[in-house]
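Residue numbers (the numbering used here): 60 to 337.
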């Protein structure tokens, strides 16, 4: 919460400072790539030597190397049909040999997103792993809130939204304080706080900011970008999907380079590819 002060006239004619709290509003998500794979070249070379094979690849991206190695295992094509990594993976994608893409994995931390967003995100199960901020263990008295862009652009609707958020947050803090007084006999302080927060969080809105640690393979990421970067996707999750695509364009251009971001009506951006459902 951001502390602000207002000047109120005192009884002696002097002004006094009255503290109030204003919620911090977030309108842009952030994605941090915190983990990526590397290929053990020494062990790959030992495997190749044991089978009298040779193989060189021209990419430095570990995920792209592993996808190519996986594909070449399928057809034992290490010593023939030599192509660049890009040509090889584009051929896999065009044939929709998507299972090979599951060998490339990345880890992300996503912040500046709402509970509404994560309710939709965690529906993606195959190829994903999640660890989300817990409202039972983390105090939300200083929570931030994510405002939908369509509300933020209208002054009157923004005011309605902000008042609702502030009312809910004030109720949360009041419930935490009151429940702490109602559970004085719970000796374990951690258990006491957990019981209080799990009950008080029931009044927090879906707009409450959360953060989530995600692990996902390239095939799962493509599926997410394809579905959630589409025109019919919910606005917040589409924004995250497009931000993720821009990152993956830089991170692994061979695996995600077939996707483009185009602008349709009213300036809406969407993701599109010629190779769907790989």
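Note that beta-carbon positions come from the ideal geometry of N, C-alpha and C, so glycine has one too. This structure is a prediction, so every number in the text was calculated from the model and none was measured.
Query raised in the report: Per DSSP, what kind of secondary structure is residue 262 in: helix, strand or coil?
Result: helix
Requested in this report: Could you tell me whether any Cβ in chain C is nearer than 7 Å to the Cβ of residue 202?
Outcome: Absent from the structure: chain C. Only one protein chain is present.
Query raised in the report: Based on the DSSP output, what are the partners of residue 276 in its beta bridges?
Result: 164
**Report entry** Residue from 114, 298, 233, 110 with nearest C-alpha to residue 198
**Finding:** 233
Requested in this report: Tell me, please, which residues DSSP counts as bridged to residue 188.
Outcome: 274
Query - Cβ contact (3+ pairs, closer than 8 Å) linking the segment 282-300 and the segment 221-237 - result: no
Query raised in the report: Residue range of the beta strand (DSSP E) that residue 332 falls in?
Result: 328-332
Query raised in the report: Which residues mark the beginning and the end of the alpha helix (DSSP H) in which residue 291 is found?
Result: From DSSP, residue 291 is part of no alpha helix (DSSP H); its letter is neither H nor E.
Query - Where residue 130 falls, given that 16 or more other Cβ within 10 Å makes a residue buried - result: buried
Report task. Could you please give the first and the last residue of the uninterrupted alpha helix (DSSP H) stretch that includes residue 196? Result -> Taken as a continuous stretch (DSSP letters only), residue 196 belongs to no alpha helix (DSSP H), as it is neither H nor E.
Query - residue 132, buried or exposed, once every other Cβ within 10 Å from all chains shown has been counted against 16 - result: exposed
Query - alpha helix (DSSP H) runs contained entirely in the segment 116-160, provided each spans 4 or more residues - result: 121-134, 144-153
Report task. For residue 91, write down the residues that DSSP places opposite it in a beta bridge. Result -> 168
**Report entry** Inter-stretch contact at 8 Å, needing at least 3 Cβ pairs: the segment 166-176 / the segment 133-152
**Finding:** no
Query raised in the report: Would you say the segment 178-186 touches the segment 268-279, given that touching needs at least three Cβ pairs under 8 Å?
Result: yes
Query raised in the report: Which residue from 324, 320, 227, 311 puts its Cα closest to that of residue 122?
Result: 311
**Report entry** Other residues of its chain near residue 137: CB distance less than 6 Å, five sequence neighbours each side excluded
**Finding:** 112, 114, 131
Query raised in the report: Thinking just about the alpha-carbon of each residue, which of 302, 298, 280, 327 is nearest to the one in residue 335?
Result: 280
Query raised in the report: So residue 320 is in the beta strand (DSSP E); what residue range does that whole segment cover?
Result: 318-322
Query raised in the report: The alpha helix (DSSP H) spanning residue 97 covers which residue range?
Result: Counting along the chain, residue 97 falls outside any alpha helix (DSSP H), and DSSP gives it neither H nor E.
Requested in this report: Could you work out which residue in 99, 82, 119 is closest to residue 309 when comparing CA atoms only?
Outcome: 119
Requested in this report: With a 10 Å radius around its C-beta and 16 neighbouring C-beta atoms as the bar for buried, classify residue 160 as buried or exposed.
Outcome: buried
Query raised in the report: Are the beta-carbon atoms belonging to residue 124 and residue 154 less than 7 Å from one another?
Result: no
Report task. Rounded to whole angstroms, what's the CA-CA distance from residue 265 to residue 175? Just pull it up for me. Result -> 5 Å
Query - Nearest-angstrom Cβ-Cβ length linking residue 267 and residue 315, presumed shorter than 8 Å - result: Not quite, the Cβ-Cβ distance comes to about 31 Å (not below 8 Å), so this is no contact.
Report task. Could you give the DSSP three-state label for residue 246: helix, strand or coil? Result -> coil
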